[in-house]
Amino acid sequence: MSKAVLSNPNSTPIVNPKSRVKTGKKLWKLFVETFSVLATLGIFGIPFYFVIINAFKNSQESSLLNMDWPSSFHLIENMKEVISARDGMIIRAFFNSVMITGISIVLLIILGAAAGYVLQRKVTKATPFFNFLILAGLIIPPAVVPTIWVLQEIGLFKTMPGIVFVEVALNLPFTILLYRGFMVTIPKSLDEAALMDGCGRFRLFINIILPLLKPVSATVIVLTAVSVYNDFVNPLYFFPGAENATLQLTLYNFMSMYITKWNLLFTNVLLISIPPLILFIIFNKKIVAGMTAGSIK
Amino acid sequence: MNKLANKTYTYYFLLPAGIVYFVFFLLPTIMSLFFSMTWWTLTDWKFIGFENFVTFLTEPSLNIGFKNTLIYAVVTSGLKVIIGLLLGVFLSSKLKTVGFIRSMVFFPTLLSTIAVGIAFTMMMHPSQGIINIVLSGLGIVGPDWLGDTKIALLSVALVDVWKGIGMATVIFIAGIMSIPEDYYEALMMDGGNAWHKFKSIILPLSRPAMNTVIILSFIGGLRSFDLIWTMTKGGPGFSTDLIASIIYKQYQAGFFGLSTAGNVILFILVSALAFPLYAYLNKKEVDL
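Chains as they are written, first to last, in the working numbering: chain Z, 221 to 517; chain G, -8 to 279.
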């Protein structure tokens, strides 16, 4: 009814002007909502759809690079081919990526929490210096070849511990910032009470503080998972070699390998995007909160 | 208690993090200052002074990286600030579709740059790419997005914005959401409209969020590598080479000293722009 009112305003003597304004507003709102959804689908949905639909095609159809519906579905076939390519390269890459990401997360939680805890609790003349180091770590681009040189000197170049330590070092500043920020909410009186009860300083940290830091640790897990899993440039420099492939490096190499089989390339893109998608579905709110938490203060 | 506190909060807790940070980040950074002035093969080095820097700054195929890096950083961070702010305002409203749009806009942030780069390289194909096919349907002849030296850099910058806009947007949303309702109510009492609301409340009060977005995206832009390397490899010619991609090319070619000089130059450029920007933006915040 209300729509008719608006389309023919002259024939509505019964409706008072106020409710007509309301109807107009409602329609405007509906228009804005529809338009914004369509625009979002166009700008963000089409690329997703494009990749997914082409992963379903055979190589002939995908070579057209269009978004037509496939005449037959080959997703499973494509997946099999991608997974078995180069003697199951992608499986080894998956293993490497998961290991690097997992170990980096554990180390970052332990080292980051310990550092953030002390840096918040203890304010001394050295504090500005530590703040400067954290800021420097966030801003300065890492020096590539000298890092390779250091890794080589200590025998960690092209090894998993090597790439893990580099990832940890580069992600530490932001992690410490997150922990230090959260420590403010844990009252100091709690520490004092524990000390009175005869708790040692390491037990205080491990048994009392660390469990209270769980919310930040969850954020660190999600953020590190995203940044290390998706990292391309550090494995490219510090973890080269066929044996050492990570998922991102494999995808990059497949780009030149599948120059004529774009369906396989798209299948690979799709496969690699599944873990972030799962993470996104489970932790959507947490990720957004975590990413903004450290940065806005 | 103070003494006790000093003993409890011992700097020993910093040691593990400090060692890793020093060995794998700080030490290489310090060493880069030295190795940038050498002819270097990783096992052997010869001191050659500032020669690498001179080469980097005078060789046209190398110093083009400066101009490109600055353009790239300014374009990407500028667009992220403007679009992010508008999207942030829009997505802080109470429309029903906000949740869906927010998720769609944010999701690319989590995807790998390589995956995004591949998808867009295909979509930007001059004759077959979906973008130009849509444009030709509208009667527009689409450009060769990645093959034309004049626009290739901007094409990649646009993809960068597509991927990174979600981050900028959620920071703006967080900033706008933290503005107390009272301000809007007061404005409405005085008969302000939506534009006043934006200009006099949202814009000044989301300043901290804006500063964060500017700094993060500007530094990110200066350091960019992955996307340009996936989409153009610095080409056609050297038209999309960034400092970071030149560093990689020199490394691949075995010019380790030259590559490190590039790193030092990038380090100086980022610090020279980022630290003052940081100080300036923080000062402005206090003035408000």
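Every residue gets a Cβ at the ideal spot worked out from N, C-alpha and C, and that includes glycine.
Beta carbon proximity, residue i to chain G, threshold 9 Å
i	result
S256(Z)	yes
W369(Z)	yes
I396(Z)	yes
W482(Z)	yes
Q468(Z)	yes
S222(Z)	Below a pLDDT of 50, predicted positions are generally treated as unreliable, and S222(Z), at 43, falls in that range; the measurement from the model is reported next regardless. For S222(Z), the answer is no, since every Cβ of chain G falls outside 9 Å of its Cβ.
D411(Z)	yes
T217(Z)	Chain Z is shown only over 221 to 517; residue 217(Z) falls outside these bounds and no answer can be derived.
A335(Z)	yes
V388(Z)	yes
A363(Z)	yes
K245(Z)	no
T379(Z)	no
R400(Z)	no
M475(Z)	yes
Proximity winner among the options, relative to residue i (alpha-carbon distances)
i	options	result
V489(Z)	V96(G), Y271(G), L102(G)	L102(G)
I429(Z)	Y337(Z), L390(Z), P393(Z)	Y337(Z)
S324(Z)	P267(Z), F452(Z), A346(Z), I383(Z)	I383(Z)
P496(Z)	T104(G), G128(G), N123(G)	T104(G)
M201(G)	M114(G), I109(G), G40(G), V80(G)	V80(G)
V436(Z)	G461(Z), F394(Z), Y449(Z), P366(Z)	F394(Z)
K(-2)(G)	T480(Z), K342(Z), D417(Z), G375(Z)	K342(Z)
I498(Z)	V386(Z), L355(Z), V446(Z)	V446(Z)
P51(G)	I237(G), V255(G), A265(G), Y271(G)	I237(G)
F91(G)	L261(Z), A334(Z), Y269(Z)	L261(Z)
D288(Z)	W248(Z), F276(Z), M299(Z)	F276(Z)
S250(G)	K37(G), F47(G), F41(G)	F47(G)
W153(G)	L70(G), E172(G), S23(G)	L70(G)
G245(G)	Q119(G), G40(G), L33(G)	L33(G)
A334(Z)	P407(Z), L424(Z), L285(Z)	L424(Z)
N464(Z)	L410(Z), I311(Z), Y399(Z)	I311(Z)
I374(Z)	L5(G), V14(G), T1(G)	V14(G)
F293(Z)	L247(Z), L285(Z), W248(Z), E281(Z)	E281(Z)
L432(Z)	K408(Z), V448(Z), V442(Z), M416(Z)	K408(Z)
Cutoff 9 Å: residue i Cβ touching any chain Z Cβ
i	result
D135(G)	no
G9(G)	yes
W153(G)	yes
G120(G)	yes
T49(G)	no
M179(G)	no
Y271(G)	no
L279(G)	Confidence at L279(G) is low in this model, with a pLDDT of 42, below 50, so its placement is unreliable and no value can be given for it.
V14(G)	yes
T(-1)(G)	yes
P19(G)	yes
K87(G)	yes
R198(G)	no
T114(G)	The sequence given here has Met at residue 114(G), not Thr. Chain Z contact via Cβ: present.
Rounded Cβ spacing between residue i and residue j (contact assumed at less than 8 Å)
i	j	result
A313(Z)	T444(Z)	About 19 Å separates the two Cβ atoms, so there is no contact after all.
A159(G)	G75(G)	3 Å
V107(G)	P99(G)	6 Å
I167(G)	S83(G)	4 Å
P7(G)	L485(Z)	About 41 Å separates the two Cβ atoms, so there is no contact after all.
V261(G)	P361(Z)	6 Å
F452(Z)	Q468(Z)	4 Å
L233(G)	I219(G)	6 Å
H187(G)	L194(G)	That belief does not hold up - the Cβ atoms of H187(G) and L194(G) are roughly 11 Å apart, past 8 Å.
T487(Z)	V302(Z)	5 Å
M114(G)	P267(Z)	7 Å
Boundaries (first-last residue) of the beta strand (DSSP E) holding residue i
i	result
K37(G)	36 to 38
Residue i: first and last residue of the uninterrupted alpha helix (DSSP H) it sits in
i	result
W30(G)	That residue, W30(G), is in no alpha helix (DSSP H); its beta strand (DSSP E) goes 29 to 31.
N454(Z)	453 to 458
E176(G)	172 to 180
S68(G)	51 to 82
S127(G)	121 to 128
D217(G)	217 to 222
S474(Z)	Residue identity differs from the one stated: residue 474(Z) is Phe in this sequence, not Ser. That run of the alpha helix (DSSP H) goes 467 to 477.
W153(G)	143 to 168
P7(G)	6 to 12
Closer than 8 Å: residue i CB and nearest the ligand ZN heavy atom
i	result
N351(Z)	With respect to the ligand ZN, the structure offers nothing, as it holds no ligand at all.
**Message:** Going residue by residue through the region 344 to 392 of chain Z, where are the continuous beta strand (DSSP E) segments of at least 3 residues, counting only ones entirely within it?
**Reply:** With a minimum length of 3 residues, no continuous beta strand (DSSP E) run stays inside the region 344 to 392 of chain Z.
**Message:** Restricting to runs no shorter than 3 residues, where is the beta strand (DSSP E) found entirely within the region 255 to 331 of chain Z?
**Reply:** Counting only runs of 3 or more residues that sit fully inside the region 255 to 331 of chain Z, no beta strand (DSSP E) segment turns up.
**Prompt:** In chain order, which continuous runs of the alpha helix (DSSP H) of length 4 or greater are located wholly inside the region 81 to 112 of chain G?
**Reply:** Listed in chain order, they are 89 to 97.
**Message:** To test your reading of the DSSP string, which unbroken alpha helix (DSSP H) runs of 4 or more residues are found completely within the region 234 to 267 of chain G?
**Reply:** List check, alpha helix (DSSP H) in window: 234 to 243.
**Prompt:** What alpha helix (DSSP H) runs, 4 residues minimum, are completely inside the region 401 to 463 of chain Z?
**Reply:** For the region 401 to 463 of chain Z, whole alpha helix (DSSP H) runs of length 4 or above, ordered along the chain, are 408 to 416, 434 to 449, 453 to 458.
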